[in-house]
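In the working numbering, the protein residues as written are 10 to 235.
Heads up, the beta-carbon is just placed ideally off N, CA and C, and yes, glycines get one too.
Note that the coordinates shown come from a computational prediction; the quantities given were computed from them, not determined experimentally.
Spelled out as structure tokens, the structure:
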């Protein structure tokens with residue numbers, strides 16, 4: 010997003026100011042407007058030509074005439090995002106790119122970037138079966154909880170979506186409920202964790218306040234082990 014915060018990349022704030030120069034600069038109102046960028050209408054850019062200016066200033070995957078570079082888009086955002094937005098990213102009948110084309114393509118990308126199903130699809134070490142299991146488990150919880158999927162990357166103490174880990178682990182049969190043992194080689198094959206040689210001896214001894222919390226704690230230990 011374009012949030013005006015300490016997280017702004019080096020030079021990004023300067024680029025944003027330049028692209029807002031004709032529309033009041035980086036005022037509080039414009040900063041608030043950019044915070045809502047993903048909520049802007051698909052077909053109406055609230056700050057005219059802002060996106061094209063921003064892309065030209067900041068990235069190597071967009072060119073003023075040729076438009077979006079498919080290979081670089083896939084490298085930056087993943088194959089799934091490119092495929093989902095491909096119709097908006099391609100020039101189609103246009104002879105060259107435009108403000109409208111730049112906005113349509115990039116707005117689609119950033120709107121999907123944190124989509125939970127796209128996040129799952131972009132998990133590099135997960136097999137097709139593992140991704141399918143995660144998607145099926147996600148569909149079993151309230152849609153209002155889907156946005157919390159991205160929180161897993163921070164390894165919080167409490168599981169962001171209660172029982173989600175237990176659901177996909179059970180579907181993939183990576184934990185033997187009878188013997189209470191993890192099938193570590195199968196887990197490595199399905200999810201790419203734990204890394205070979207990682208110190209995981211203490212992971213299976215972790216316990217939470219209920220079976221779901223225990224499984225989340227133990228699995229997180231396997232993921233983080235070095």
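Apart from the 5 residues on each side of it in sequence, residue 182 sits with its Cβ closer than 8 Å to the Cβ of 192 and 195 in its chain, given in chain order. Residue state for residue 115 is assigned as helix, using DSSP reduced to three classes. Take residue 132, set aside five residues on each side of it, and no residue of its chain has a beta-carbon closer than 6 Å to its own. The beta carbons of residue 115 and residue 64 sit about 6 Å from each other, so the pair counts as a contact at 8 Å. Just so you know, the alpha carbons of residue 235 and residue 190 end up roughly 20 Å apart. Setting aside the 5 residues that flank it on each side, residue 61 is surrounded in the same chain by 108 and 111, each with a C-beta closer than 6 Å to its C-beta; the list follows chain order. Your pair residue 79 and residue 91 checks out as a contact, with CB atoms roughly 7 Å apart and the cut at 8 Å. Judged by beta-carbon spacing, residue 178 lies within the 9 Å limit of residue 224, meaning their Cβ atoms are closer than that value. Counted as a single uninterrupted DSSP element, the alpha helix (DSSP H) harbouring residue 199 occupies residues 193-200. When DSSP states are grouped into helix, strand and coil, residue 184 belongs to the strand group.
Between residue 68 and residue 29, the beta carbon gap of about 17 Å keeps them out of contact (Cβ cut-off 8 Å).
When DSSP reads this structure, residue 72 sits in a beta bridge with 76. The continuous alpha helix (DSSP H) containing residue 93 extends over residues 88-98. Residue environment for residue 138: exposed (fewer than 16 other C-beta atoms within 10 angstroms of its C-beta). In this model, residue 161 and residue 104 are separated by some 43 Å (Cα to Cα). With respect to the 9 Å criterion, residue 158 and residue 165 are not classified as neighbours on the basis of their beta carbons.
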